[in-house]
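First comes the structure, then the notes that go with it.
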């Protein structure tokens, strides 16, 4: 029973972590470019002092779904969405990061930036400059920015070298541990934004399942605690 109690404690920890992940997904169901996250549970076996093996499941890996979110038309010239694979690259104080959130706008200096002021980068990882006063801006599917028929720059589209090594930072930024490389056949759509790929209904259902499982585990732990207390009182007598 001692082993069972330890296994339950480990399981409760994993369920608590999954509840936090699911809650974060639901909270970001309306966040542009957000990618749903889940947990992968792995089993490992440890030999106990009594000689019997102890099997435990632990939530060890956070997995991000890179499935396409719905593309929503905004009509804004600098709202961009990627159809298919790839990410925009932006420059942050902590280094370059990848994102699917394409709500951009030129700043006072003419640099194309995110809502947080992070410069959007081109294929050479340099800030994209959009001159003011050159007329309506058009952005081609390959990311080329033109005004009055003259190319002005190109928004870069990148793919992580190893998607499994991406680390989420905040809601919509990712750090690629293995680096990123340009995507040649990416398709950029002007005047659209990619919505979150979270399925609120399935996530809500999962939250209920996790909550019930957590409550059952907690009941078991309470019963085990009471059993140990009763045994201790008996031994003391």
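Residue numbers (the working numbering): 8 to 244. Cβ atoms here follow ideal geometry from the backbone N, Cα and C, with glycine treated the same way.
Host beta strand (DSSP E) of residue i (start-end)
| i | result |
| --- | --- |
| residue 144 | 144-146 |
| residue 105 | 102-106 |
| residue 189 | 187-189 |
| residue 160 | 157-161 |
| residue 195 | 194-197 |
| residue 39 | No beta strand (DSSP E) holds residue 39; DSSP gives it neither H nor E. |
| residue 79 | 78-80 |
Residue i in three-state terms, based on DSSP
| i | result |
| --- | --- |
| residue 30 | helix |
| residue 23 | helix |
| residue 51 | For residue 51, the predicted structure reports a pLDDT of 49, less than 50, and the residue's modelled location is therefore unreliable. A value from the coordinates is still provided. Strand at residue 51. |
| residue 70 | strand |
| residue 209 | helix |
Per-residue burial, residue i [other beta carbons within 10 Å of its own, 16 or more giving buried]
| i | result |
| --- | --- |
| residue 79 | exposed |
| residue 156 | exposed |
| residue 140 | exposed |
| residue 23 | exposed |
| residue 97 | buried |
| residue 168 | exposed |
| residue 193 | buried |
| residue 72 | exposed |
| residue 104 | buried |
For residue i: DSSP bridge partner residues
| i | result |
| --- | --- |
| residue 130 | DSSP, once it has assigned bridges, lists no residue as partnering residue 130. |
| residue 251 | This structure leaves residue 251 out entirely; the chain is present only between 8 and 244. |
| residue 97 | 104 and 127 |
| residue 175 | 181 |
| residue 151 | 161 |
| residue 86 | 110 |
| residue 167 | 187 |
| residue 45 | 70 |
| residue 222 | DSSP lists no partner for residue 222. |
Worksheet item: Are the stretch 101-111 and the stretch 177-191 touching, with three or more C-beta to C-beta distances below 8 angstroms?
Response: yes
Worksheet item: Does the pairing of the stretch 189-203 with the stretch 81-92 give three or more beta-carbon distances under 8 angstroms?
Response: yes
Discussion item. Count Cβ pairs between the stretch 116-132 and the stretch 204-211 that sit closer than 8 angstroms; are there 3 or more?
Written reply: no
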